[in-house]
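S.K.: This is the structure I have questions about; it appears just below.
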Amino acid sequence: MHDRSKSGEERIAAFLSERLRPALYPQRLPMDIGAWHIPGEPVPVGVALRAEYAPFTVGEPWGSPWSTSWFRVGASVPERWAGRRVEALIDLGGDRGPTGGCQAEALVHDEHGIPLHGLHAHTGAVPVTASARGGEPVRLLLEAAANPFIDAATGSGVRYGDPVTAGDAPLYRFRRADLAVRDDDVWHLLHDMETLDGLMRALPAELPRRHRIRIALEQAVDAVDPCAVARTAEAARRVLAPALAERAHASAHTFAGVGYAPLDPGGLRPLRETVRGCARTFSTLVTLAEEYPELVVGAASAQHYAWMRDQQPHVFERLRKAVADGNWIPVGGTWVEPDVELAGGEALVRQFVLGRRFFRDELGADSEGAWLPGARGASAAFPQIAALAGARWLLTRRPAAGHQAAPPHHTFRWEGIDRTTLFTHLAPDTTALTDAVTDSGPVTRSLLPLGRAAEGPGRDTLERARRLADLDGSPRVAMRHPAQFFREVREEYPLPPVRRGGLDLAPQHGTYSGQARTKQGNRRSEVLLHEAELWSATAAVRHGVPYPYDELDTLWRRVLLQQSLRILSGSSIAWVHEDAEHEHRDLHRRLTRLVRRAVGEPDGAGVWNAAPHPRREVVILAAGTGQTSDTAQVLPDGRLAVLADAPALGAGSTGLPLDGTARVTAHTTVDGQHILDNGLLRVRVDAAGLVRSAVDLTTGRETLAPDGAGNLLQLLRGEQGRDLLEADQVELHAGGPLLATVRVRRGTGRSTFVQDLTLTAGSHALTVDTEVDWRERDTVLKLAWPLDVHAELGHADVQFGHVARPTHESADGSSPEFAAHRWIHVGEHRWGVALATDSTYGHDVTRHTRDDGGTTTVVRHTLLHAPNGPDPHADRGLHRFRHTLRPGATLGDAITEGYAVNLPLRPGPATGPQRPLVHVDHPDVVVETVKLADDRSGDVVVRLYEARGGRPHAVLSADFAIEAVHETDLLEEHPTPRPHLHGRVPLTLRPFQIRTLRLLRAGRRQEDSSGA
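Everything in the sequence shown is counted per my numbering, starting at 1394 for the first residue and increasing by one.
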């Protein structure tokens, strides 16, 4: 028997494309067009309303890369169209290409400049009226953005990512501006047929349901008169009605749909285009919600709403109304969708604090879940942070098929490092709606974010969703509030499996190391914010200095914006990262001024210690600080090395005598090796600048593996690797008694490296400062340390704690890269090695057994990554990194070293030793944040956590009079009284627990509500 299924399906497809779609708009009227082109930055609509517009015709080119063109289009509705639905069909010339890039887009305003609707690559129809009167004029103003297409995966168009290389040739040719009647019978028939056609093609060929749908579709084709499509469309719909009426099976999976449009700041467009993209997308979605009242839109990132409030107030008011009507749900509760692996712990706290407060204050809404649909992974610290901010659930992405580290379930309880659990659902990545869903658990429903990037769901998607509400052969589709979905799935699945540790959801492709200056700027911003809050709170309590509430709030928001997933991960175009570097530099200047206002100018007589541990160490001061020669070492560049001492979170003195601290010595052997020794650590650097020995003198144990070379720079390009084993120059740069340095210079012929290997008096750690002038392409730079340690696990610092990962090698000898914040630790029983870093995140740890039976564990920091796209010049130029190697380190030592490297002692005025505002008597309990309460009451807020994975009993002591102590959530709300006596607060913490304490000052005065 002849199988005519294929020919029947081809006939259906031809009918849809050649007959039905062309009949959707049976009557059209060209609109008059005027244009005003702006080559530079966009202008407000008020300026465009007053501009002079030149005549413009369809077919003309427009839009050099990133420019703006304003188009004024107009026509009058013909009288014969009375009672019909009228739309403006506008095609700016952008192709319907892949979703991963920008296209020509526009925001459509009415003649008075009020935003109405967005134009996108897949959305070219703008509703004018559902029922025309006939004769009314239509005047629209289009703010068209000539955003170029950039394909980060292939590198196509990456030159557009930098204005310097983008060029000025027009990108687009205006194709159409018509006023048109939409035939509603054809519209509904089109979506009836497209829904059934899509379902038919998704079903297995052997199913009878597929065969029945094909027959029904062919009968519908036969029912349409090709010469009178609109007149016969209703008859064809009656033919399809029985096929559309067949109900889904009782066991059919349910998609809980929520409208969603990814609008991550950065990525393949500059931030200014993200702002404009929000206006376009939000206008479109609000209009859709008015037309499709069942639509529920879930939109995250308080920053997006803040932009609309400040720059597009008409759009913001429509959003507020949609929120009040229940069509619009502010989800996630964060300022932006952050990179939750790389953002610091306190920064993640502030993402939730500022995000949730904005939603409540500006939109009258709150979010009870976390929303990370774009995340590549998530730290194991995240469940506790999210839960303490009020989150009950998490929605994130479902890994692609074949991703080895993917969780085996799509719905589970995710357990963090402190054993807090967060009900988690991995959303499917599908827009077909008819795709099958499989899960090894009994869950029969999935939350499905519907929509294209920067566009959201279109009318076609919503029409299809209506027809798939209960249709045989397809998953059920129903619009749902995300919170309602999670309530239903928790009831259905009360005992889901538990997933422990971090989430690995997608390959990271260098995101732990790419765009190092952006990552370094972020880390430095986090550090300076910590200092600014600590010292400003200290100055306010001690001396009544007004606390800079408003300025700190603004600076936090700016830092949080730069932690957007696409920016902090390093996966944006050059323009975005250049802006991020400028932003970070400005933030650093402003934060440094705040710190100096609180502590005074750095004359070098005192030091301020923002770290949570006491310090006695060598600090470098600027020349001319007045230190005496008997307590200071003059360095070759004129600066001074002095010994300093300071309590945790307090101030101390410099210029201390060595007393019982051994001097550091340095000498050079006849074969060109340099020996640095301070009585605690002896380091041997060979003539090539490689560390050949690092002996922990407290135990006599060698740190480096036999014949191993530490401080080894490695260049990796694909499968090829190159070790930099030769140096251009190795010299003893400083020789003690407080500080000894070996300086190493080497190069590749393109890139140059200058390293200072420094040992100071009283230190257990070797400091390595690396300056790189990077000129490589498609190359990764790593810093390797082969250690004589049998390490089963590597411990890595994450937000508010650490995680342990196996160190075994893979079959091919490679190792995946993981993220660590301040430190990495590998060790055996009672002996280990800590490596700390001031700005890098990516690292890998492998081990192998040597011929002598010993084990070599290799720890490598990834310093730089030079991919082709989306920024082909990523990481080019000058970089500076600091790392330390601390042999004989416990986990506690690693924690202390990590804070010390990231929070160096700050030179300050000669105030003498100053006690900290608060002090904790247990080394396992770390004070992360000290600040004044956000409600401007003058209360002191202390955030602390258990850092080593134990259950300590500790006492927090306040060095000021307190009348009460309340424990709160991260938003400093829901207070619970805690006992205290004479300023002492007893605490018991579980492993890695975060606690926020609010200390009410006795006799405190209300702070000036205007801030500083």
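By construction, the Cβ of each residue, glycine as well, lies at the ideal position given by its N, Cα and C atoms.
Out of P2007, E1599, V2294 and I1606, which one is the CA nearest neighbour of T1588?
M.R.: The candidate whose alpha carbon is nearest that of T1588 is I1606.
S.K.: If you check the beta carbons only, do P2263 and I1960 fall under 8 Å apart?
M.R.: For P2263 and I1960, no; Cβs fall outside 8 Å.
S.K.: Roughly how many whole angstroms lie between the Cα atoms of F1567 and F1449?
M.R.: Cα to Cα, F1567 sits roughly 9 Å from F1449.
S.K.: If you drop the 5 nearest sequence neighbours on each side, which residues of the same chain put their C-beta closer than 6 Å to that of Q2412?
M.R.: This structure gives no information on residue 2412, because the portion of the chain shown stretches from 1394 to 2405.
S.K.: Would you please state the rounded distance, in angstroms, between the beta carbons of S1929 and L2014? I believe it to be under 8 Å.
M.R.: About 24 Å; that fails the 8 Å criterion.
S.K.: Please classify D2121 as buried or exposed, where buried requires at least 16 neighbouring CB atoms within 10 angstroms.
M.R.: So D2121 counts as exposed.
S.K.: If you draw a straight line from the C-alpha of Q1877 to the C-alpha of F1709, how long is it?
M.R.: The straight-line gap from Cα to Cα measures roughly 25 Å.
S.K.: Does any heavy atom of the ligand GTP sit closer than 7 Å to the C-beta of D1754?
M.R.: Only the bare structure without any ligand can be found here, which leaves the ligand GTP out of the picture.
S.K.: At which residue ranges does the region 1420 to 1457 contain complete alpha helix (DSSP H) runs of 4 or more residues, listed in the order of the chain?
M.R.: The region 1420 to 1457 contains these whole alpha helix (DSSP H) runs: 1438 to 1442.
S.K.: What does L1840 pair with, by DSSP beta-bridge criteria?
M.R.: Answer by DSSP bridge pairing, in chain order: A1649.
S.K.: Here's the rule: buried if 16 or more other CB atoms are within 10 angstroms of the residue's CB, otherwise exposed. What is E1919?
M.R.: Per the 10 Å Cβ criterion, buried.
S.K.: Should A2204 be labelled buried (16 or more other beta-carbon atoms within 10 Å of its own) or exposed?
M.R.: Because the pLDDT of A2204 is 42, which lies under 50, any placement of that residue in the model is unreliable, and the number read from its coordinates should be weighed accordingly. Exposed is the call here.
S.K.: Please identify the residue among A1774, D1865 and L2271 whose C-alpha is closest to the C-alpha of P1601.
M.R.: Out of A1774, D1865 and L2271, D1865 has the C-alpha closest to the C-alpha of P1601.
S.K.: State the Cα-Cα distance for the pair V1679 and Q1705, rounded to the nearest angstrom.
M.R.: Cα to Cα, the separation comes out at about 14 Å.
S.K.: Under 6 Å Cβ to Cβ from L1413, same chain only, skipping five residues before and after it: list those, please.
M.R.: Closer than 6 Å at the Cβ level, and outside the excluded window around L1413, lie L1583.
S.K.: Taking the Cβ atom as the reference point for each residue, do R1669 and P1435 lie within a distance shorter than 8 Å?
M.R.: Yes.
S.K.: Taking 8 Å as the threshold, find out whether the region 2302 to 2319 comes into contact with the region 2228 to 2238 through three or more Cβ pairs.
M.R.: Taking 8 Å as the limit for Cβ pairs, the verdict is that the region 2228 to 2238 does not touch the region 2302 to 2319.
S.K.: For K1399, count the other beta carbons within 10 Å of its own beta carbon; 16 or more makes it buried, fewer makes it exposed. Which is it?
M.R.: Exposed, because fewer than 16 other Cβ atoms sit within 10 Å of the Cβ of K1399.
S.K.: Determine the contact status of T2092 and P2179, defining contact as a CB-CB distance below 8 Å.
M.R.: No, the pair does not count as a contact, with Cβ atoms beyond the cut-off.
S.K.: Measuring only the C-alpha atoms, how far is V2000 from L2310?
M.R.: Their Cα atoms are separated by approximately 16 Å.
S.K.: Is it true that the region 1967 to 1985 meets the region 1676 to 1692, where meeting means three or more beta-carbon pairs spaced less than 8 Å apart?
M.R.: The region 1967 to 1985 vs the region 1676 to 1692: no contact.
S.K.: Less than 8 Å separating the beta-carbons of V2076 and L2083?
M.R.: For V2076 and L2083, no; Cβs fall outside 8 Å.
S.K.: CB-CB under 6 Å to T2289, same chain, minus the five flanking residues each way: which ones, in chain order?
M.R.: The residues are H2006.
S.K.: In chain order, which continuous runs of the beta strand (DSSP E) of length 3 or greater are located wholly inside the region 2110 to 2147?
M.R.: You should have 2113 to 2116, 2122 to 2128 and 2132 to 2140.
S.K.: When DSSP labels each residue in this structure, what does E1974 get in the three-state scheme?
M.R.: Of the three classes helix, strand and coil, the one that applies to E1974 here is helix, per DSSP.
S.K.: Taking DSSP as the reference, what is the three-state secondary structure of H1874?
M.R.: If DSSP states are grouped into helix, strand and coil, H1874 belongs with coil.
S.K.: Using the DSSP secondary-structure output, state which residues sit across from G1467 in a beta bridge.
M.R.: DSSP output for G1467 lists D1425 and R1532 as bridge partner(s).
S.K.: Can you confirm whether the region 1877 to 1888 touches the region 2205 to 2220 when touching is taken to mean that 3 or more C-beta pairs between the two stretches lie within less than 8 Å?
M.R.: Output reads no: the region 1877 to 1888 does not touch the region 2205 to 2220.
S.K.: Taking 8 Å as the cut-off, decide whether the C-beta atoms of V1716 and G1762 are in contact.
M.R.: Against a cut-off of 8 Å, the Cβ pair of G1762 and V1716 comes out as no contact.
S.K.: Is it buried or exposed, E2124, if we count other Cβ atoms within 10 angstroms and call 16 or more buried?
M.R.: Flag for E2124 reads exposed.
S.K.: Can you give the beta carbon distance from A2193 to A1774, rounded, assuming they're within the 8 Å contact cut?
M.R.: The sequence given here places Phe at residue 2193; Ala does not occur at that position. Yes, F2193 and A1774 are in contact; Cβ-Cβ is about 5 Å, under 8 Å.
S.K.: On the DSSP bridge assignment, give the partners of L2288 in chain order.
M.R.: Note that residue 2288 is Ile in the sequence shown, not Leu. In DSSP, I2288 forms no bridge with anything.
S.K.: Could you check what DSSP says for E1403 in three-state terms: helix, strand or coil?
M.R.: In the structure shown, E1403 sits in a helix (DSSP, three-state: H, G or I).
S.K.: State the DSSP-derived secondary structure class of F1675, mapped to helix, strand or coil.
M.R.: If DSSP states are grouped into helix, strand and coil, F1675 belongs with the helices.
S.K.: In the DSSP assignment, what are the bridge partners of A1626?
M.R.: None; A1626 has no bridge partner.
S.K.: Look at the alpha carbon of G1494 and the alpha carbon of H1697, and state the distance between them as a whole number of angstroms.
M.R.: At G1494, the pLDDT of 47 sits below 50, so the modelled position is not reliable; the number obtained from the coordinates is stated separately. So the alpha carbons of these two residues sit roughly 20 Å apart.
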